[in-house]
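> Can you keep this structure in mind? I'll have questions shortly.
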Amino acid sequence: MVDLAKEAFSTNNFGLAVDIYERTIRENGPTLELFLGLADSLALGGNFAKAFQSYKFAYRYGKVTPEKLKHLVASLIKSVKQDLDHVGSQIKKKTCLFTCGYCLGLLADPVTVPCGHTFCRHCLEKDKSNYCELCGSVNYRGKLKHLNSNFVLTNLIDKWFPNEWKAARLKKDGNEFFAKGSKGNLIHALTMYTEAIEVSPNDHLLWSNRSHTHASLDQFEDALADAEMVIKLKPQWPKGYFRKGFAAYGLGKYEDAAVAFLQCLALDQKATSAKDYLSKALDKILSALPPDDPKTEALQQRSNPTLLQKLVENNFSGQLLLPDITNTLQDLTRAVKDAISNTGSTSYEPVPLLESKYKEHSSIDKGTESNKLKLPDGSSLDHLESHHLFNSATSSPLPRKRSRNPSLTQSPLSPTHSSPQKLSKSVIDMNASSNKAQLASVESSASSNKTLLDSVEPSASNKKTQLASDPMSADKIVVKPKERNVEDLECGLCYRLFYQPVTTPCGHTFCRKCLDRCLDHTVTCPMCKGNLAEYLAERRQAVNIAIEGILETYFKEEYLERCRMNDEEMVELIRMGSGQQSDIPVFVCTLSFPTISCPLHIFEPRYRLMIRQCMESGNRQFGMCMHMPDSDSEFSDFGCMLEIRDVQYFPDGRSVVDTVGGRRFKVLSRGKRDGYNTARVEFLSDKPITGEEMLVVNALQLEIHSAVQYWLTTVPSFRRNRIIQHFGELPEPDTNPSTVNGPNWAWWALAVLPLDPRVQLTMLGMCSFQDRLLALKKIIEYLNRRSCH
1 MVDLAKEAFS
11 TNNFGLAVDI
21 YERTIRENGP
31 TLELFLGLAD
41 SLALGGNFAK
51 AFQSYKFAYR
61 YGKVTPEKLK
71 HLVASLIKSV
81 KQDLDHVGSQ
91 IKKKTCLFTC
101 GYCLGLLADP
111 VTVPCGHTFC
121 RHCLEKDKSN
131 YCELCGSVNY
141 RGKLKHLNSN
151 FVLTNLIDKW
161 FPNEWKAARL
171 KKDGNEFFAK
181 GSKGNLIHAL
191 TMYTEAIEVS
201 PNDHLLWSNR
211 SHTHASLDQF
221 EDALADAEMV
231 IKLKPQWPKG
241 YFRKGFAAYG
251 LGKYEDAAVA
261 FLQCLALDQK
271 ATSAKDYLSK
281 ALDKILSALP
291 PDDPKTEALQ
301 QRSNPTLLQK
311 LVENNFSGQL
321 LLPDITNTLQ
331 DLTRAVKDAI
341 SNTGSTSYEP
351 VPLLESKYKE
361 HSSIDKGTES
371 NKLKLPDGSS
381 LDHLESHHLF
391 NSATSSPLPR
401 KRSRNPSLTQ
411 SPLSPTHSSP
421 QKLSKSVIDM
431 NASSNKAQLA
441 SVESSASSNK
451 TLLDSVEPSA
461 SNKKTQLASD
471 PMSADKIVVK
481 PKERNVEDLE
491 CGLCYRLFYQ
501 PVTTPCGHTF
511 CRKCLDRCLD
521 HTVTCPMCKG
531 NLAEYLAERR
541 QAVNIAIEGI
551 LETYFKEEYL
561 ERCRMNDEEM
571 VELIRMGSGQ
581 QSDIPVFVCT
591 LSFPTISCPL
601 HIFEPRYRLM
611 IRQCMESGNR
621 QFGMCMHMPD
631 SDSEFSDFGC
641 MLEIRDVQYF
651 PDGRSVVDTV
661 GGRRFKVLSR
671 GKRDGYNTAR
681 VEFLSDKPIT
691 GEEMLVVNAL
701 QLEIHSAVQY
711 WLTTVPSFRR
721 NRIIQHFGEL
731 PEPDTNPSTV
741 NGPNWAWWAL
751 AVLPLDPRVQ
761 LTMLGMCSFQ
771 DRLLALKKII
781 EYLNRRSCH
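Per the UniProt record's numbering, residue 1 is the first one in the sequence shown, and the count goes up by one each step.
In structure tokens:
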């Protein structure tokens, strides 16, 4: 039976496995292996209340190590992840323009990765994956050492956040002391972190570092107080919950620790340390349970259930687990919607409301009285399942792990050190009862809702008060106009405000169009002359999200004007070729014909620019004219529009453009734009064919088509195969030849026949299909006579 249960378990048939394990326990008696198998099956099946009870019984029948709780931990994480699947990603996508997507703190040594997002260099170095934390794109972290710091963002942060910049230097000094590890250095690190907190009290990273240092000195009460402050400042940051869990674990508050570690994992499933400590905390909780006792049961019924008990009873509901997060998201959504209605635009789209998913607590049928399992203490399995999960021993204060040195239980620092007694009342209250703080966090969430609102467009009343001492808040500090210098956000190539800013691996930022035009001529950076061949080969062109957001938020009027200028340029390109007479870009090379494919190899810088502009404008067409070396004009008086079907780029910037012929035109005047030729043209169309002429034209069409087909049979096979491979088979005659350009087969014949280009040019300019047929007739007769001789 056990083998059958294991097989059902391995095939994810957890309900069947539960039934088999329960039947085996009733028939053969309880063992450690049976209760563990039952508990794992219940956990993976989502029935956590019974799973915890079964784990409790397993601990009574033998030794259970934390490693054997891996299925429970995995199932808890999976359940929470289902309830809060999009919370972490959505919050990170709404982070401040100056905030790192990993640590959620002010960018320190900002590095822009190829996808356009910017992170702290230290955070990127710690992350070993190849994927962007915000968008999931591949960023090749192995090349991080070749990415320089972003000069524009570094300059802005230095100017706009002087206090945070000073605190960052103090934090760096503290980190260096902490890395040395000795007790004296840890005390020096505490001093540095405390001084930094006094300069920047809303920086959650400083509180986190100080919490970790307190914990390293076994000062877990202080560590817990600092961790609570981290969560208050950044309820969406998973590491704050890990700090709290670690401090609670050190104090012996294993239930609080387990909840905190689970909160951490709800926001970041990759936190392996949180998984390990969650297993240890659950092991402490379950192993501390004594045998069942009626007095214990009565005591539990009179006591208030802990947060962990509530989570178990509600199958670990995400909204109950992280009330700060869910309420903050809802308030943020409302705030963004209000901002949209007031200002008409925002920097980012609003975060959708998180739908809370309460799972009903399901239970297994108890069965008949005869089937109830009797335990060694005389109680039945069904009777125990009705008890509270934890007894009075676990709900009462546990012995706390104290420091080996009693003097370290208090702050070892000078009066400048902010001890827990000097912190805000809310932190002291949370330190006094972490469970109470967890359950009351909904009430305190209103004070932290503003921490996510920096991505919202400022209203008209405070448009000039943009930045805050907390990088995630936009309402605490006024940035003076002289500090908000628009010149800090101007392109070094066009000397205008950035438009679609892109950052190169060397750390410089330019307008995307400006950089592309430079790379048409050279593969070096216009500022530092660094080699950008790899950047060009990868065709990155990802807009710098942070800089574009800063422009949209803090320089709205200037950015709108810059967008208007770009739109006018695009409209001018879009209008090319839209009317009967129009200005068009001209590619001077050879003749092209309507409906005939014309692949082009683009390598000249001016034509690279021309093709790029055609693609960006959406027009995707340009004129093709023949070069006229013996004429005063650079190109012919007649040409054909080419429509771009596809562009394939080479690593060095060259490209192969697949085009097909469109409308014909006559050149009225010539000009220049951005180095390439332009022309004012009039589009041509064939004269309509009347009813009487139609019979004559159709008869002539069939005759000439047959002649062209015969000529094709006289062509050598290798040449004929090349013609068919490039131009395709000869099209069939058109029963209604009265169209703008006439039947396709005539242009196919004109393109493949061995004619002088000047003859082809003359026929391209003809506006009578009948005249072209007569000209083709003479040409075919001449070619057929020559082939006979």
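Beta carbons are placed, not taken as given, at the ideal position from N, Cα and C, and that holds for glycine. This structure is a prediction, so every number in the text was calculated from the model and none was measured.
1. Pair every Cβ in the segment 486-499 with every Cβ in the segment 509-519, then say whether three or more of these pairs are closer than 8 Å.
2. Of the residues 246, 590 and 540, which one's Cα is nearest the Cα of residue 661?
3. Return the CA-CA distance between residue 78 and residue 51, expressed in angstroms with no decimal places.
4. Exposed or buried, residue 118, counting other C-beta atoms within 10 Å across all chains shown (16 or more means buried)?
5. Contact between the segment 740-758 and the segment 778-788: three or more CB pairs below 8 Å?
6. Entirely within the segment 480-538 and at least 4 residues each: give me those alpha helix (DSSP H) ranges in chain order.
7. Could you name the residues of the same chain whose beta carbon sits closer than 7 Å to that of residue 213, not counting the 5 residues immediately before and after it, in chain order?
8. Can at least three beta-carbon pairs, one atom from the segment 705-714 and one from the segment 729-748, be found at a separation below 8 Å?
9. Can you check the segment 107-157 for any beta strand (DSSP E) of at least 3 residues that lies completely inside it and give the ranges in chain order?
10. Relative to the C-alpha of residue 493, which candidate in 627, 527 and 699 has its C-alpha closest?
11. Where does the unbroken beta strand (DSSP E) through residue 57 begin, and where does it stop?
12. Check whether the Cβ atoms of residue 658 and residue 599 sit closer than 7 Å, and answer yes or no.
13. Can you tell me which of the three DSSP states residue 682 falls into?
14. Tell me the DSSP secondary structure of residue 718 in three-state form.
15. Just the Cα atoms here: how many angstroms apart are residue 632 and residue 593?
16. For residue 755, which three-state DSSP category applies?
17. Distance check for residue 55 and residue 170, CA to CA, integer angstroms please.
18. Is residue 247 closer than 7 Å to residue 266 when the C-beta atoms are compared?
19. Residues in its own chain within less than 7 Å of residue 262 by CB, not counting five upstream and five downstream?
20. Taking 8 Å as the threshold, find out whether the segment 537-544 comes into contact with the segment 107-122 through three or more Cβ pairs.
21. Any idea what DSSP makes of residue 208, helix, strand or coil?
22. If you measure between the beta carbons of residue 203 and residue 167, is that distance less than 7 Å?
23. Thinking C-beta only, is residue 764 closer than 7 Å to residue 638?
24. Which first and last residues belong to the beta strand (DSSP E) in which residue 669 is found?
25. Please report the distance separating the alpha-carbon of residue 110 from that of residue 216.
26. Considering only their Cβ atoms, is the gap separating residue 196 from residue 206 smaller than 7 Å?
27. Give the range of the beta strand (DSSP E) segment to which residue 582 is assigned.
28. Distance, Cα to Cα, residue 65 vs residue 58?
29. Roughly how many angstroms separate the alpha carbons of residue 16 and residue 235, rounded to a whole number?
30. Quick check on DSSP: helix, strand or coil for residue 367?
31. For residue 668 and residue 744, what's the separation of their Cα atoms in angstroms?
32. Might you give, ordered along the chain, the residues of its own chain that have their beta carbon closer than 7 Å to the beta carbon of residue 687, omitting 5 neighbours on each side?
33. Given this structure, state the Cα-to-Cα distance separating residue 644 from residue 760, to the nearest angstrom.
34. Any idea what DSSP makes of residue 34, helix, strand or coil?
35. Is the CB-CB distance between residue 507 and residue 151 below 7 Å?
36. Residues in its own chain within less than 7 Å of residue 284 by CB, not counting five upstream and five downstream?
From the atom records:
1. yes
2. 590
3. Straight-line Cα distance between these residues: approximately 15 Å.
4. buried
5. The segment 740-758 is in contact with the segment 778-788.
6. 512-519 and 533-538
7. 178, 186, 189, 190 and 193
8. yes
9. 110-112 and 118-120
10. 527
11. It is not in any beta strand (DSSP E) - residue 57 instead sits in the alpha helix (DSSP H) that spans 48-60.
12. yes
13. strand
14. helix
15. If you take the alpha carbons of residue 632 and residue 593, they lie about 24 Å apart.
16. coil
17. Approximately 47 Å between the Cα atoms of the pair.
18. In this structure, residue 266 lies away from residue 247, with their beta-carbon atoms at least 7 Å apart.
19. Same-chain partners within the cutoff: 76, 80, 278 and 321.
20. yes
21. helix
22. The answer is yes: Cβ separation under 7 Å.
23. yes
24. 655-673
25. 29 Å
26. yes
27. Per DSSP, the unbroken beta strand (DSSP E) holding residue 582 starts and ends at 581-589.
28. 11 Å
29. 40 Å
30. Low local confidence applies: a pLDDT of 36 at residue 367 is under 50, so the model's placement there is unreliable, with the coordinate-based value given in what follows. Residue 367 falls in the coil class under three-state DSSP.
31. 26 Å
32. Result list for residue 687: 767 and 768, in chain order.
33. 23 Å
34. helix
35. yes
36. 254
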